[in-house]
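Contents: one structure, followed by commentary.
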Amino acid sequence: MDEHTSEDGIIFPVMLDVTREDNIDEAYEEVEHLCGEGRNLVALINNAGMQQITPMEYVPLDAMKFAFDVNVFAPVALVQKFLPMLKKSESARRIINIGSASSFLTPPFYGVYASTKVALETINDALRVELNQFNVSVSLLQPGSTSTEIEGKMLAQAKAIIEDDSQIDYAPRMFRMSHALEWLSGYPPLAHLLFTDVKYTTQAIVDALESERPKTKYIVGWDAEVFKFAVFLPDRIVDWVLGFL
Numbered sequence: 015m016d017e018h019t020s021e022d023g024i025i026f027p028v029m030l031d032v033t034r035e036d037n038i039d040e041a042y043e044e045v046e047h048l049c050g051e052g053r054n055l056v057a058l059i060n061n062a063g064m065q066q067i068t069p070m071e072y073v074p075l076d077a078m079k080f081a082f083d084v085n086v087f088a089p090v091a092l093v094q095k096f097l098p099m100l101k102k103s104e105s106a107r108r109i110i111n112i113g114s115a116s117s118f119l120t121p122p123f124y125g126v127y128a129s130t131k132v133a134l135e136t137i138n139d140a141l142r143v144e145l146n147q148f149n150v151s152v153s154l155l156q157p158g159s160t161s162t163e164i165e166g167k168m169l170a171q172a173k174a175i176i177e178d179d180s181q182i183d184y185a186p187r188m189f190r191m192s193h194a195l196e197w198l199s200g201y202p203p204l205a206h207l208l209f210t211d212v213k214y215t216t217q218a219i220v221d222a223l224e225s226e227r228p229k230t231k232y233i234v235g236w237d238a239e240v241f242k243f244a245v246f247l248p249d250r251i252v253d254w255v256l257g258f259l
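My numbering applies: residue 15 is where the sequence shown begins, and numbers increase by one.
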């Protein structure tokens with residue numbers, strides 16, 4: 015395994031497909047080897063994720079299962095694998111899961127993605143209570159729209175739906191949403207307002223790693239702050255607002 019030096023130390027990259035048990039086992043062996051050289055495993059950050067933008071009527075079940083494999087089952091598998099090593103650490107013991115503000119408010123066509131993030135949130139809540147006795151802090155990040163490559167992939171999925179004759183009933187609404195998103199993304203002043211810079215997510219992760227008392231949940235982005243209040247609104251009002259999308 016190659017070493018990469020950075021300003022603060024050494025990075026040991028490990029190739030990992032989080033949906034494959036054999037890959038997780040190989041990654042565990044690599045980390046175990048490194049920790050055997052006087053290092054401790056102090057944190058596990060579950061950051062891998064995939065987004066599926068599709069009308070629920072037409073979502074392929076295989077695609078939905080894969081979304082759950084990546085966004086839900088993989089984090090659980092990694093926690094189960096690395097937790098014994100993490101519990102042995104003499105330093106801070108942290109588990110950080112990356113959720114989404116869509117668990118507060120689910121826009122049209124986000125049903126699959128949002129459901130995986132709701133599942134991850136409840137798992138995170140259970141872990142936080144269960145692992146407290148071992149002094150393992152468990153935090154959940156819930157970012158809103160973030161300026162990452164995932165937005166480009168989302169637009170590609172939207173265009174595929176628009177061009178799919180079998181989903182023609184949803185094409186006008188999807189076209190409206192994707193056209194607005196594409197227009198906003200191409201206009202920097204508005205894009206900066208719409209998408210939260212990924213650096214704020216990074217800062218939240220650093221705080222969860224280094225703080226003596228990390229927050230149980232980090233809500234990142236102005237839209238995420240707005241979305242969290244949606245849970246207090248009547249469903250009919252939320253539906254009315256989302257009807258404009």
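Just so it is clear, CB atoms sit at the ideal spot from N, CA and C, and this is done for glycine as well.
Can you look up residue i in the DSSP assignment and give me helix, strand or coil?
| i | result |
| --- | --- |
| K264 | With the chain represented from 15 up to 259, any question about residue 264 goes unanswered, as that position is not in the structure. |
| L145 | coil |
| I67 | coil |
| P27 | coil |
| T160 | strand |
| R190 | helix |
| V32 | coil |
| F118 | coil |
| L259 | coil |
| F209 | coil |
| N138 | helix |
| G125 | helix |
| D178 | coil |
Going along the chain, which residues of its own chain have a beta-carbon closer than 7 Å to the beta-carbon of residue i, five neighbours each way excluded?
| i | result |
| --- | --- |
| N37 | L30, D31 |
| S105 | N54, V56 |
| Y124 | I67, S116 |
| L100 | L55, L58, R107, V150 |
| A88 | V32, T33, A62 |
| E21 | Reliability of the predicted coordinates at E21 is poor, the pLDDT of 49 falling under 50, and no value is obtained from them. |
With residue i as the anchor, note down where its alpha helix (DSSP H) starts and where it stops.
| i | result |
| --- | --- |
| A57 | No alpha helix (DSSP H) contains A57, which is instead part of the beta strand (DSSP E) from 57-60. |
| Q217 | 212-224 |
| L48 | 35-49 |
| L256 | 249-256 |
| V240 | 236-241 |
Please work out which residues of its chain come closer than 6 Å, Cβ to Cβ, to residue i, disregarding the five sequence neighbours upstream and downstream, and give them in chain order.
| i | result |
| --- | --- |
| Y214 | V234 |
| K95 | I38, Y42 |
| L97 | none |
Determine the burial state of residue i: buried for a count of at least 16 other Cβ atoms within 10 Å of its Cβ, exposed for fewer.
| i | result |
| --- | --- |
| P248 | exposed |
| I109 | buried |
| K131 | buried |
| S159 | buried |
| Q66 | buried |
| V143 | exposed |
| M70 | exposed |
| G50 | exposed |
| D237 | buried |
| A140 | exposed |
| F209 | buried |
| A77 | exposed |
| Y232 | buried |
Only counting the same chain, and skipping five residues up and downstream in sequence, which positions put a Cβ closer than 8 Å to that of residue i?
| i | result |
| --- | --- |
| Y103 | The amino acid at residue 103 is misidentified as Tyr; the sequence shows Ser. Excluding positions up to five away in sequence, the list reads N54, L55, V56. |
| P228 | R108, S151, S153, D221, A222 |
| L48 | F26 |
| F241 | A115, S116, F118, L119, G158 |
Would you give the residue range spanned by the beta strand (DSSP E) that residue i belongs to?
| i | result |
| --- | --- |
| P157 | 150-157 |
Mind pulling the alpha helix (DSSP H) runs of 4 or more residues that sit fully within the region 73-113? DSSP runs (the alpha helix (DSSP H)) wholly in the region 73-113: 75-82, 88-101.
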